[in-house]
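Heads up: the protein sequence lines correspond to chains R, B, F and W, in order. Note that our numbering has the first sequence beginning at 1443, numbered continuously upward. Note that our numbering has the second sequence beginning at 3, numbered continuously upward. Note that our numbering has the third sequence beginning at 34, numbered continuously upward. Note that our numbering has the fourth sequence beginning at 1321, numbered continuously upward. Ideal placement from N, C-alpha and C gives every residue a C-beta, glycine not left out. Given the structure is predicted, the values throughout are model-derived calculations rather than measurements. Below is one structure, written out as structure tokens; the observations come after it.
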Amino acid sequence: MALIDVRHLTVDLPSEDGTVHAVQDVSFAVEPGEFFGIVGESGSGKSVLVQALLGLIPGARVTGEAWFDGRDLLALNDRDLRSLRGSAVSMVFQDPLSSLHPQYTIGAQITELIHTHRSVSREQARTMAVDMLGKVGIPDPTSRFGFYPHQFSGGMRQRVMIAMALVLEPKLIIADEPTTALDSTVQTQILELLRNMRDEFGVTILMITHDLGVLSRVADRVMVMYAGRRLEMGPRAALFAAPVHPYTSGLLRSSPANYTPGADLVPISGRPPSLLEVTTGCVFTPRCPQAHEQCAETPPVRRYSDGAEAACWLDVSGKAASVLTDTAAQAVVNSHPAAEPAGDPVEPIIRATGIEMVYRNRRRSSARVLDGIDLTLNRGETLGLVGESGCGKTTLARILAGLIEPTGGTITLAGRSTRGLGRAEWKAVRRDIQLVFQDPFGSLNPRRRVGSIIGDPYRIHGTVSRHERRSRVQGLMELVGLNPEHYNRFPAQFSGGQRQRIGISRALALNPAVIILDEPVSALDVSIQAQILNLLSSLQHEFSLSYLFISHDLSVVRHMCDRIAVMENGRIIENAPTEQIYRAPREEFTQKLLAASTFNTAPVTEIARTLVPVVAGGPGLVRENVA
Amino acid sequence: MKLSRYLLSRIGFGLVVLFALSLFVFLLFYLAPGDPARAIAGDKANNELLEQVRQNLGLNRPIGEQYLSFIGNLLQGNLGFSFRNQLPVTGIILDRLPVTLSLVVGGVVLWLAIGVPIGIASARRPGTVRDRAGQTFALLGISFPTFVLGMMSLYLLYFLPTRAGFPIFPPSGYVPLTEDPLQWAWHLILPWTTLALVTAAIYARLTRGQMLEVLGEDYIRTARAKGLTERRVIYKHAFRSAMPPLVTQLGNDVGFLLGGAIVIEQVYGLPGIGNLAVTSVQAQDRPTIIGVVLVGGIFIVAVNLIVDLCYVLLDSRIRTAS
Amino acid sequence: MSPVRTPKQAAAVAAVVQRGSTSLTLRRLRRDPASMIAAVFILLLVLFALCAPLIAAWTGHGPNEQFRDTGLSPSGTPVAPGGQFLLGTDQLGRDVFVRLAYGAQVSLMVGVLASLAAATIGVVVGVVAGYLGGVVDTILSRVMDLVMSVPFLLCAIALVSVFGPSLPLSVAVIVFFSWTALGRVIRGQVLALREREFVEAARSLGASHVSIMIRDLLPNLAVPILIYSTLMIPSAIVFEATLSFLGLGVVPPTASWGGMLAEAGNNSVYLVAWWLVIFPGLTLLGATLSFNILGDGLRDALDPRSQMGRGR
Amino acid sequence: SNAKTASTATAGAGSGVPGGTLKVLGQADVDHLDPALGAMVGTTSIMRAISRQLISYKTVDDAKERLVPQGDLATSVPTPTDGGLTYTFEIRQGAMWDIPSGPRQIVAADFARGFKRLCTPVQASTMLGYFTDAIVGMQSFCDGFEKVAPTPDAMTAYVEGTPISGVTAVNDKTLTIKLTKPAGDFAYMLSLNNASPAPVEALKYVPDSPEYRSNYFSAGPYRIKSYTADKSLILERNPAWKAEADPLRKAYVDTIEVTFGLTADAVAQQLQAGSADMSLENSSIPTAVLEQMRATNDPKLTTIAAGRVDPFLWINTKTSNNGGALQKLEVRQALEYAVDKAAIVQTFGGTQNAKVQNGIFGPGVIGYHDFDLYPTSGSKGDPAKTKELLAKAGVTNLTLKLPYRTKGLEPQIAQTLQASFEKAGVTIQLVPVNPSDYYSKFLTNHENTANGTWDIAPVGWTPDWQGGAARSVFQPQFTYTGTPQGYNYVDYNNDKANALAAQALASTSPDEQAKLWAQVDEAVMADAVIIPLASRLDTLYRSARVQNFTPYALSVQGDWTNVWLKR
Ligand SMILES: Nc1ncnc2c1ncn2[C@@H]1O[C@H](COP(=O)(O)OP(=O)(O)OP(=O)(O)O)[C@@H](O)[C@H]1O
Ligand SMILES: Nc1ncnc2c1ncn2[C@@H]1O[C@H](COP(=O)(O)OP(=O)(O)OP(=O)(O)O)[C@@H](O)[C@H]1O
Ligand SMILES: [Mg+2]
Ligand SMILES: [Mg+2]
């Protein structure tokens, strides 16, 4: 008997532009004690799905059924639903700081929950809370009880959230991206904690994430969502090793975490559809490499003997399917071999020695952010820089780009020391070194037209006359794969991946020698990420650029770089060729990063799979009657 | 330590404000045309008399000296003597304070009681009829010039009924609380209502805006996910966070009004500080004007300090910073 | 050339989802009947003000012309609205309707001029303080704090009492005490914008401070500037009316709404001549209400998520 | 016990009911709370209650009888001897000072001291000029006083040690006053509160200082219980006062509460509503409300004339503005024709509230007569004539600066004047002036006059006393002896008028006085330095519970000491 059995759940959200069909006809069931994962790209409706279950979305039109403990959650009145929230079903949200009330102590927030559902004395509630805080690994919980959320680190806050979720021993915990906001190392700890809690308390966990890697480590079963639909669902091993749906395979292939040296990322072309219209047939058709006419009709849900289910016309039964060997599905092949350093290795384009950076805050004492960084970047080389959030990566990038003055150390750019350069001289230097930023939206002025954004370098440096500018800009746009006709659009009218292309084309305008890429893909969905990474590679070859590639994700870096420098607390602790780091990481820290960045599924080479006849009424229900 | 430094810096800034204000008023009147000596000595005074008055008041000393002695007196709580009746300005102002205080305190209670619930109700169901009604009320209140509302309510609620022989509200005037609490309140009802209506609107809007913002916060979702009742979510979680801007606004309003609810006091003939300001301006009674402006500034600074203290109490982040 | 060529496809999808921000704004505005009515009312008022001389010519009543025989009773009581005087006469036998039109000129001019001036100062100070930061910011912010902690009505009264009432002084006083609200908002916005990566990007390209302030920051401030300026107009109108009401605004016989109300109030004429309060009062209310509604509508349309607060 | 005496004493006056609190509302605070200094009309009401003079008036409805001098602290009004130069007064017995050491009889020496206090250097009385002119030795006393060190001790020593030669306390009961020249109006002057006696204790304080105010020594039926500047004045019964020693005041009410600082509207509202009883100012009823009271024939409304010429226009004959046009008689005469005086009267609420005025003396003042040197049809002005005369004088494009006080009806009057003048082709620039700056900034400051800061200025003048008060109109405004005078803004002088005035003052026959003053009036008007506009009647209103509301001539308001309250 499933703990929660969701049937034909559809959620429509009225909005100004029309109704958003955020979730369409999704069914799934979670067994008691199971660790169930829902994965999907941003906007695929994961959060809406779970929040709709608990009636947390005001104004949503929800249809379908959601049986929990013998009751249909969607049919419950407010009062009954409230009594379930927090006690039988609790939630853990993505951002642990914003999800805790900043003005109340964490103790008060936990005991408030207890008092809402149980009539216990204040002391009892306090004891319960302190106990639970201890169990989730908060050291010295008695004194921390009276702390405010801001007095904890991100990981600790998430532990507090989990403690709050567990304190009333719920049957089901819904975790909505509980680790996305956290560092990869902390992320691992939290996942571990969730799994331990499952094992210890026997709670059922329904976890949402957009990160396939995360689920590959913890989930028992995984559901893949796309554009509000359930495309595939199945046991972890089967899903990761031999996905049924082309979308799932696409996701896996485009994920750098799934990297095998020499092979290339295979991006899923295009971008997710609008949720404003309901499409008949398979939603993935426009992006599907294996699409055919049949896909215009609603696909059947096929169920296989190994537990995998997918809404797809493809019948993969009997196939030995492994995503990594299934080269037939690869739509495009990247042509270039592993990069070979071009240019003179003796004279690096960037040589930084002993860079130090101390921020002096007005009130607080000074903070040493960079502590003696030595770094060289050779011509034509891609150097990866990885490290946890806050270790100083961006700071280093800004120093190299001349945006801030380091408090110590010297930088030589193409043989020229940057110390004591005047404004005009710096301006000249800037043509050689350009930046591409993490946030593709934030780095483009939302109120300016794309043409003028890309043309900015020309305007500022006065290298290209006014009339010529347009054609030059359009050339750049073509180069990075943008439609030159969109010259007059605003950034908001582009997708995330396209925006990042705009940023890249701007960086290319002045023919720089070096481009510093500060987490250029971490804000993008995997399917788009691969497009950008491939673009970067091809540009590098075309213009023999040198890249300093910054990321917190080791797998991305590994895919791109010749050499990797690992940073921790403002120091470079390891600096070696990529494969060497990957195979034999010297530092423990590097090992942790590595562990957090790869898929953790046993490679399955051979699966014998047969189509299973569908039994009506069971979990993972086939849609029988199309309305 | 940080906390005390924060407060100290606020106090320091308050002093700077007062200093700047005193300089402003002093210079304004020093450089102004017109002869204060004549204002005191009266229209029929002859030149010798004028000279004597100047001497007595030190008006013929250099400006810097005059300012210094002015500041010196100020530090002793002495605002000088009114030109008009030779009484200490401090006393005159203190005398008016209860009237303004009565007006403001009653007004504050009333406008909070009207504005905040309307704002909350609006924010809970944005876009509904209830919200529209609340918004309309707020817009009307914000757009209504105080004196127009005052004149209209005097005409409609006092004059017409009185002329028709059914006096409902008393005419303008002030009855001290100590003398007759009932009459005090009765006489203040129209001023309170007028003040409250035009001000409540601002609070309704501010509350609505803040609440809408806060209601979109993640921790409100958390609170709902905890199974709390909507009441508790709204009042304990959301309103708590929406409060700081309200407190700031309240501080500003109370500070400004304590310095003289000029328009209301004029319309309703209340002998408060605002009324004193207007009469002293008409009489060119400079020490009193300077005094009123400075006291107005002191109120603003003081109330803002209280607001800062409230912030410390309201905001765990400031409170726990050490 | 590129192995990842899909932009056309992607763009096609984008075209479906994305709507131009201007068309969206207009659509939102048009869908808000209150804003449309307010805008129409404002247009009518502007027309009314512009046509004041025409109205005077049409009625044959000058704005300051006193109709001692037809516009007043022998004991000096004004004449009620009627055929000859559409909205009645005032205590001096002048045509209220004509004066209302001329008053509209003053009120609208003061409102618009003062708001424009205050907005300009506010934007310049806000942008400079927010963008340059450091000592400049500290000083400018303190100045703003200072102006905001001044009991403005008291100071306005003191100022006007010293220099004598006049229209330019009123405008100056209004400007002096109203630029800070926008200044603060702009500063706050710039502080946030300054941290946005596109500013960093401009800097990394070598753009100068002035270029960044004008090309990068200003376009992003259009929304708050537009909204705040619109909302500043009614405050300025009321401020002027209040000054006139206290006898510190425009100099008679120039007609202004506040002055008309003050004259009606000063000698209690309005008790026998309700039209002296009702018409200027309602017009004033209508004007401030319309600007407020329009400001709100603009805000909702331009920046639906924000709940930009507003000063008094 | 006082109440009892009062009630028995008034048995003849009808059914007077003693007791209760009379609530009086005022717009402005008193100018002074010292009989020597008080000059504002409103203050006179208070002085009636807390001070007494040698001569005063009965409060009756009959306008003539109201102005007949009566003995107050003097047992009777004496006939002057010595060719009109010597007055001998017998002091009423039983009239007491309220001083801390206990009641004390008011004696003749107290009057001499009262006169001396008028010229205390720091705070001289505005009425001082009349007395220094009239009383022998007063001028030299005052000259000596100016040299005294400004310490209370030195001043006391001077006052007590230096006599005014013309004022003699023959004994406690008898006082003689010698005049420099005969003055037919001297009895009227003595009725001013400025001519009140002062006890020796008063010398301890600077006149009208806050200390003096809080230690006020009353001679009247009431004394000051509390005074808060700008806010309130509360009078209570003076235990030292005896009803039988006061023929003029009945003092029915127990307490008088004066509240200051209300607007005229508020005062009117409260009187109508009955939450207050009387107004401190006269003419405080807004015209609109007045209109309404008239319509309902409200019996609580009374009108009296106080000889007030208000407003009239001074023409600046010293300015060189407009090429000195205003210095030409023809130009000024042209202006006389321009003004629509009827419109001004209408602004005051019509002929029931004001009358067109054509001379310098208002109705009620001896010398007032009906004449018009510059007649226009219906007094509505004759723009054509003005234009014609201006053209004849060769003046075009006349632009005149007209200052006005931003108070009450004055802005309306200024606008009405502007409208009149503009019809006649004269441009008027209105200059709003802070009410309290008006006289000091624009008018009494001779530099402004010479510099042409103003060209024509509306002012008002109320005679300083009632009845034979022509001198108090003519002397301060229209005579010039070489030193600038406060209210003769343009140093106007007319020898013919001066000679006529001297004759009038020396005359003892009221008829002859009237004739002579009338000639003075016409002589001044021929020079066209002022444009009289209207004489205003004062409209008085009180609450329904006020009984026996009869005006006191000097305060031009109901007499607080003779009203009673219906309960
Ligand atoms: N209240 C709402 N009103 C209208 N549309 C909404 C609302 N909430 C979410 N949506 C839309 O519904 C779709 C699904 O959103 P949802 O938050 O469930 O995505 P998600 O899968 O959780 O994505 P992410 O990984 O970014 O959290 C999105 O297109 C989103 O824009
Ligand atoms: N302007 C500044 N003043 C003071 N401290 C700063 C400043 N900018 C950055 N820091 C601090 O310097 C440290 C390094 O920041 P940096 O942005 O370089 O980290 P990062 O490695 O890029 O992190 P992330 O992965 O989150 O982008 C952080 O602790 C940050 O708080
Ligand atoms: Mg989500
Ligand atoms: Mg970074």
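Between aspartate 128 of chain F and threonine 92 of chain F, is the Cβ-Cβ spacing less than 8 Å?
Using a Cβ distance threshold of 8 Å, aspartate 128 of chain F and threonine 92 of chain F count as a contacting pair.
Is it buried or exposed for glutamate 1554 of chain R, if we count other Cβ within 10 angstroms and need 16 for buried?
buried
Whose C-alpha, out of B:Tyr8, B:Ser6, B:Asp97, B:Ile13, is nearest the C-alpha of valine 303 of chain B?
B:Ile13
Ignore the nearest five residues each way along the sequence and tell me which others in aspartate 1514 of chain R's own chain have a CB closer than 8 Å to its CB.
Setting aside the 5 residues that flank it on each side, aspartate 1514 of chain R is surrounded in the same chain by Glu1507, Ala1508, each with a C-beta closer than 8 Å to its C-beta; the list follows chain order.
With which residues is leucine 1988 of chain R paired in a DSSP beta bridge?
Position check: residue 1988 of chain R holds serine in this sequence, whereas leucine was assumed. Bridge partners of serine 1988 of chain R: R:Val1956.
Need the endpoints of the alpha helix (DSSP H) that proline 246 of chain B sits in, please.
241-260
Tell me whether asparagine 325 of chain F sits in a helix, a strand or coil according to DSSP, three-state version.
helix
Hey, would you say the C-beta of glutamate 1961 of chain R is under 7 Å away from at least one heavy atom of ligand 4?
yes
Serine 1552 of chain W, DSSP secondary structure in three states
strand
Contact between the stretch 1800-1807 of chain W and the stretch 1838-1848 of chain W (3+ Cβ pairs under 8 Å)
Touching, no, given that fewer than three Cβ pairs across the two stretches are closer than 8 Å.
So with Cβ pairs under 8 Å, would you call glycine 109 of chain F a contact of chain B?
Chain B, which has no Cβ nearer than 8 Å to the Cβ of glycine 109 of chain F, makes this no.
Give me the chain B residues within the contact set of alanine 274 of chain F, using Cβ-Cβ distance strictly less than 7 Å, ordered along the chain.
What alanine 274 of chain F touches in chain B: Pro147.
Under 8 Å by Cβ, that's how I've got glycine 1479 of chain R and methionine 1649 of chain R pegged, so tell me the actual separation to the nearest angstrom.
5 Å
Below 8 Å on the Cβ atoms is my guess for leucine 226 of chain F versus valine 232 of chain F; work out the distance and round it to an integer in Å.
7 Å
Cβ of leucine 1874 of chain W within 8 Å of Cβ of glutamine 1795 of chain W?
no
8 Å Cβ cutoff, glycine 1669 of chain W in contact with chain F
Yes - at least one Cβ of chain F is within 8 Å of the one on glycine 1669 of chain W.
Please determine if the stretch 1489-1501 of chain R and the stretch 1723-1743 of chain R are in contact, where contact requires at least 3 C-beta pairs separated by less than 8 Å.
The stretch 1489-1501 of chain R, when compared against the stretch 1723-1743 of chain R, does not touch it at the 8 Å Cβ threshold.
Using a Cβ-Cβ distance under 8 Å, would phenylalanine 312 of chain F count as near chain B?
no
Anything in the stretch 234-268 of chain B with a Cβ closer than 7 Å to a Cβ of chain R? List those residues in chain order, please.
His239, Arg242, Ser243
So what does DSSP say about arginine 233 of chain B, is it helix, strand or coil?
helix
Between the beta-carbon of serine 211 of chain F and the beta-carbon of asparagine 306 of chain B, is there less than 8 Å?
no
Among residues of its own chain, excluding the 5 on either side of proline 1398 of chain W, which ones have a beta-carbon nearer than 7 Å to its beta-carbon?
Tyr1407, Thr1408, Phe1409
Which residues mark the beginning and the end of the beta strand (DSSP E) in which tyrosine 1801 of chain R is found?
1792-1801
Would you please verify whether the beta carbon of isoleucine 190 of chain F is less than 8 Å from any beta carbon of chain B?
yes
Among B:Thr231, B:Gly257, B:Ala240, nearest to glycine 211 of chain B - alpha-carbon criterion
Ranked by Cα distance from glycine 211 of chain B, the first of B:Thr231, B:Gly257, B:Ala240 is B:Ala240.
Over the uninterrupted beta strand (DSSP E) stretch that includes glutamate 1751 of chain R, give me the two end residues.
Per DSSP, glutamate 1751 of chain R belongs to the beta strand (DSSP E) from 1751-1753.
Under 8 Å between C-beta atoms of phenylalanine 1991 of chain R and leucine 1952 of chain R
no
Where does aspartate 1641 of chain R land, buried or exposed, given buried means 16+ other C-beta within 10 angstroms?
exposed
Beta-carbon neighbours of aspartate 1702 of chain W, restricted to chain F and to distances below 9 Å
The premise fails here: aspartate 1702 of chain W is roughly 15 Å from chain F at the closest Cβ pair, so nothing lies under 9 Å.
Identify the contact partners of aspartate 1537 of chain R in chain B, using a Cβ-Cβ distance below 9 Å as the criterion.
Asp220
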